[in-house]
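Colleague: One structure coming up, written as structure tokens, with questions to follow.
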Amino acid sequence: MVEPDYLKFDTLSLHAGQEPDPTTGSRGVPIYQTTSYSFVDTEQAAGLFNLEQPGHIYSRISNPTVAVLEERLAALEGGVGAVCTASGMAAFHLACATIMSAGNHVVASRNIYGGSHNMLNLTMPRFGIQTTFVDPRDLDAWESAITPDTRVLFAETLGNPGIEVLNVPAVAEIAHSHGIPLMVDATFTTPYLMKPIELGADIVMHSVTKFLGGHGIALGGVIVDGGRFDWAANDKFPTLSEPYDGYHGITFSEEYGHQALSMRARAEGLRDFGAAMSPANAFHLLQGVETLPLRMRRHVENTESVIDFLETNDAVSWVSHPAVSSHPDHELAQSLLPHGAGAILSFGISGGREAGRRFIESVQLASHVANVGDAKTLVIHPASTTHQQLSAQDLTAAGVGEDLIRLSVGLEDPSDIIADLARALRASQKG
Amino acid sequence: MQIEFRDLMVNVATGGVDLDKQLPPVLLLHGAGMDRTVWSQQTRYLAHHGFAPMAVDLPGHGDSEGELLPTIAAMAEWVAGFVEKMGLDPIRLVGHSMGSLISLEVAARHPQTVERLILMGAAAAMPVHPELLGAAERNEILAPQLMTAWAHGSRAHVAGNPTPGLWMRSGCQALLERAAPDVIYNDLAACNSYEAGDVAARIECSVSVMVGSEDKMTPPKATAQLVAGFSEVDLQHLKGVGHMMMMEAPDQIRELLLQALR
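Protein chains in written order, with our numbering: chain A, 1 to 431; chain B, 1001 to 1262.
Right, dumping it as structure tokens:
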């Protein structure tokens, strides 16, 4: 049987989007540290501004170094295009602003990153966009929350911090039956563990800062356009299906079809909102993406070792990770995440809030930071940090108890990670 | 824009501007399983360089209504009728892959309709790999995958999209995946059964042909066999480019297209 001779994931991680620099032969991706680009002549300049021909104008809109990262991430996700942004939150905002306007509505998982929750719950309503939050495991809740004004369903592939596995095919089917797209935040899975577009998602966003970068030294975000959603199939998405005066009446779905979202997000979103990724950050993040498959395999292996340790420790009252057989999404994870369910887990510490504080202050190798997906092991107490803006009611709804410790398992030798956790757990019980 | 033709709506991309019938009209025809958007790197440029481009969705493709047309001959008659209805003849006709076969047939059958013929990814015969044809008949995703894999040169499988952020390979695959069931099979079967005969010899208008050196679907040798039949032809080779030359080398194609149209 013939098969498509596509380059494989590990190869694309290293090569996609880049050829040796045509001027210098540079094999590494050069940092094009420039704001602007010289035009050949006025005709070419006019053509670039009018979207008649592709190219770079100004680095807020596009930059050759950033473009390599964009093409690479689109390749790894199987999307038709990608737009990188200054941060993951900028990516989330860019996607929302590109497809929605005042009067529209979002149905979102209630178990999402605190920043995303704040944007939907507090900030977007000021611009006329409302959100209904639902239990991501409750398919009926997704369905019944959809209104005539709903324009997108949104969830994380792995919820935060409960590590709920999103049933992407099922939620995508619900979205599509209402003529709306599914957008997922796939930061915790990366395309190595899950390719949401192949499972039915239409827009994938990442905080590239996390596992994709891996090193924790550069901020970045991205939206990846799946290219399978028909924005012109109904009248719900006029930003993509109706003429836009910003470019002499262009209709993005008419001209670019399956690439309409990518083109509008850049042509309008980066131009007007300006949350562009810097070329230096793109360079740093590319170094991480080159080793993504190697790192993710090790992240998953280390996580399994840590889970084995935590499950047998007396100071741990529960462990939540889809690899654990008691996790409600264990079977779903086996199906949707065959290479592993990521390196972020949460566990409950005996002794509650005070024991949690002592634990956090006793770890030596693990770092106490408001981040995940670093090469180094990280710990945090969400109720007092990432989710501290949430009310007690919202905290409970989001599954964040006072005893919850979130752990992002790094790439250190697993025996060293476990030794550090064991020491801190012992200390936590000496109140 | 949507144009009514034979009681059905035909979808046409005009480069983001209103169709100006005072300008020389250019009709662009897509390949098997595809739609107007394969010309997205050319239509807007042509619209701002003195032409009235119309990248059409063939019946049952993209956003056009209508039943699929089962043969190249039927597609050619539909195109000729559409051009006549629009009052655009004689027209400059640009075809890619299956669209090149349609263009050839229109020019041969209705010489008064076509002023210039520009063919990309063209050959006198387009036999389709039986496993691809079978996958298409079963509406399997393997069909878009194989077409995408074979339709791009080696460079396009790694990088090289001049539009920042776009990934060419998935762009092609997504476009094919969006085709309605049976569209790809219909088109591939039409290509597979097409017999050019002496069609090249019957062409009276000027002909330009563009061929990619890495085209696996209509290889340069196959294009050469077609070209040998023309009495006069402008043949342009594009180095390192595969079958999807409009996307793989949009800058080159834009310039060559402009030269050929003028």
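Backbone N, C-alpha and C define an ideal beta-carbon position, used for all residues, glycine too.
From a predicted model like this one, the values you see are computed outputs, not experimental measurements.
In chain A, what lies closer than 8 angstroms to S1040/B by C-beta?
Modeller: Result: E255, Y256, G257 and Q259.
Colleague: Taking contact to mean 3 or more Cβ pairs, one atom from each stretch, closer than 8 angstroms, check whether the segment 1174-1182 of chain B and the segment 84-99 of chain A are in contact.
Modeller: No: fewer than three Cβ pairs fall under 8 angstroms.
Colleague: Taking 8 angstroms as the threshold (beta carbon to beta carbon), is N1161/B in contact with chain A?
Modeller: For N1161/B, the answer is yes, since a Cβ of chain A falls inside 8 angstroms of its Cβ.
Colleague: What number of angstroms, rounded off, separates the C-alpha of H1237/B from the C-alpha of R1006/B?
Modeller: Rounded to the nearest angstrom, the two C-alpha atoms are 39 angstroms apart.
Colleague: Among all the DSSP beta bridges, which residues are the ones paired with V222/A?
Modeller: Answer by DSSP bridge pairing, in chain order: C84/A and H206/A.
Colleague: Note down, in chain order, each residue of its chain lying with its Cβ closer than 6 angstroms to the Cβ of F211/A, except the 5 sequence neighbours on either side.
Modeller: Result list for F211/A: T190 and G373, in chain order.
Colleague: Would you grab the beta carbon distance between I344/A and F188/A for me? Rounded to a whole angstrom, and I think it's under 8 angstroms.
Modeller: The pair is a contact, with the Cβ atoms about 6 angstroms apart (cut-off 8 angstroms).
Colleague: Counting Cβ pairs closer than 8 angstroms, one from the segment 116-125 of chain A and one from the segment 254-273 of chain A, do we hit at least three?
Modeller: No contact exists between the segment 116-125 of chain A and the segment 254-273 of chain A.
Colleague: What residues from chain A crowd round Q1145/B, counting only those whose CB sits closer than 7 angstroms?
Modeller: The answer, in chain order, is P4.
Colleague: Do we get a CB-CB distance below 8 angstroms when we pair R1138/B with the residues of chain A?
Modeller: No, no contact with chain A.
Colleague: How do the segment 98-112 of chain A and the segment 234-244 of chain A stand: do at least 3 beta-carbon pairs fall below 8 angstroms, yes or no?
Modeller: Yes, they touch.
Colleague: With a threshold of 7 angstroms on Cβ separation, who are the neighbours of G288/A within its own chain once the five nearest residues in sequence on each side are excluded?
Modeller: Same-chain partners within the cutoff: L212, G213, G214 and H215.
Colleague: From the beta carbon of Y1045/B, is the nearest beta carbon of chain A less than 8 angstroms away?
Modeller: Yes, because at least one Cβ of chain A sits closer than 8 angstroms to the Cβ of Y1045/B.
Colleague: Which of helix, strand or coil does DSSP assign to I461/A?
Modeller: No information on residue 461/A is available, as it lies outside the stretch 1 to 431 that chain A covers here.
Colleague: Quick one: list the residues of chain D neighbouring L51/A, beta-carbon separation under 7 angstroms, in chain order.
Modeller: No chain D is present in this structure, whose protein chains are A and B.
Colleague: Could you tell me the distance, in whole angstroms, from the CA atom of R426/A to the CA atom of V168/A?
Modeller: Taking the straight line from one Cα to the other gives about 39 angstroms.
Colleague: Which value, in whole angstroms, describes the spacing of the CA atoms of F283/A and L1093/B?
Modeller: About 44 angstroms.
Colleague: Take the Cβ of Q33/A as the centre, count every other Cβ of all protein chains shown within 10 Å, and call the residue buried at 16 or more, exposed below.
Modeller: The residue is exposed, with fewer than 16 neighbouring Cβ atoms inside 10 Å.
Colleague: Assuming A74/A and G1165/B form a contact by the criterion Cβ under 8 angstroms, report the distance between their Cβ atoms to the nearest whole angstrom.
Modeller: Right, their Cβ atoms sit about 7 angstroms apart.
Colleague: Sort out for me which residues DSSP pairs T150/A with in a bridge.
Modeller: Per DSSP, H105/A.
Colleague: From the DSSP output, which residues share a beta bridge with N1011/B?
Modeller: According to DSSP, which records beta bridges pairwise, N1011/B is partnered with Q1002/B.
Colleague: Residues of chain B with a CB under 8 angstroms from the CB of G220/A: which are they?
Modeller: Going along chain B, no residue has its Cβ under 8 angstroms from G220/A, so there is no contact; the nearest lies around 14 angstroms.
Colleague: Can you grab the Cα-Cα spacing for the pair H1049/B / E52/A, in whole Å?
Modeller: H1049/B and E52/A: Cα-Cα distance of roughly 10 angstroms.
Colleague: What does a CB cutoff of less than 8 angstroms around K430/A pick up in its chain, not counting 5 residues either side in sequence?
Modeller: The residues are R358.
Colleague: As an exercise, report each continuous beta strand (DSSP E) stretch of at least 3 residues that is fully enclosed by the segment 1175-1229 of chain B, in chain order.
Modeller: Whole beta strand (DSSP E) segments, 3+ residues: 1206-1212.
Colleague: Evaluate the contact criterion for the segment 36-44 of chain A versus the segment 12-20 of chain A: three or more CB pairs, one atom per stretch, below 8 angstroms.
Modeller: No, because fewer than three Cβ pairs between the segment 36-44 of chain A and the segment 12-20 of chain A fall closer than 8 angstroms, the two stretches do not touch.
Colleague: Compute the distance between the beta-carbons of N302/A and V369/A, then report whether it is under 8 angstroms.
Modeller: Going by C-beta atoms, N302/A is not nearer than 8 angstroms to V369/A.
Colleague: Among D329/A, L286/A and L240/A, which one has its Cα closest to the Cα of V222/A?
Modeller: For the residues D329/A, L286/A and L240/A, the minimum Cα distance to V222/A belongs to L286/A.
Colleague: Can you give the Cα-Cα distance for N1192/B and V1017/B, rounded to whole angstroms?
Modeller: Rounded to whole angstroms, N1192/B to V1017/B spans 36 angstroms at the Cα level.
Colleague: Determine the direct distance from the alpha carbon of R72/A to that of T291/A, and round the result to whole angstroms.
Modeller: Each residue's alpha carbon lies about 13 angstroms from the other.
Colleague: With 16 as the cutoff for other CB atoms within 10 Å, does F154/A come out buried or exposed?
Modeller: With 16 or more other Cβ atoms within 10 Å, it is buried.
Colleague: In the DSSP output, which residue or residues are listed as bridge partners for G1095/B?
Modeller: According to DSSP, G1095/B bridges with L1029/B and L1119/B.
Colleague: Since Q18/A meets chain B, which of its residues come closer than 8 angstroms, beta carbon to beta carbon?
Modeller: Ordered by position in chain B, the residues that pass the 8 angstroms Cβ test against Q18/A are V1158 and A1159.
Colleague: Going along the chain, which residues of the segment 1175-1191 of chain B sit with their C-beta nearer than 8 angstroms to a C-beta in chain A?
Modeller: The residues in question are L1175, E1177 and R1178.
Colleague: Are the beta-carbon atoms of L411/A and R295/A separated by less than 8 angstroms?
Modeller: For L411/A and R295/A, yes; Cβs fall inside 8 angstroms.
Colleague: Please list the partners that Y247/A has in chain B, where partner means a Cβ-to-Cβ separation under 8 angstroms.
Modeller: Residues of chain B passing the Cβ test: G1016.
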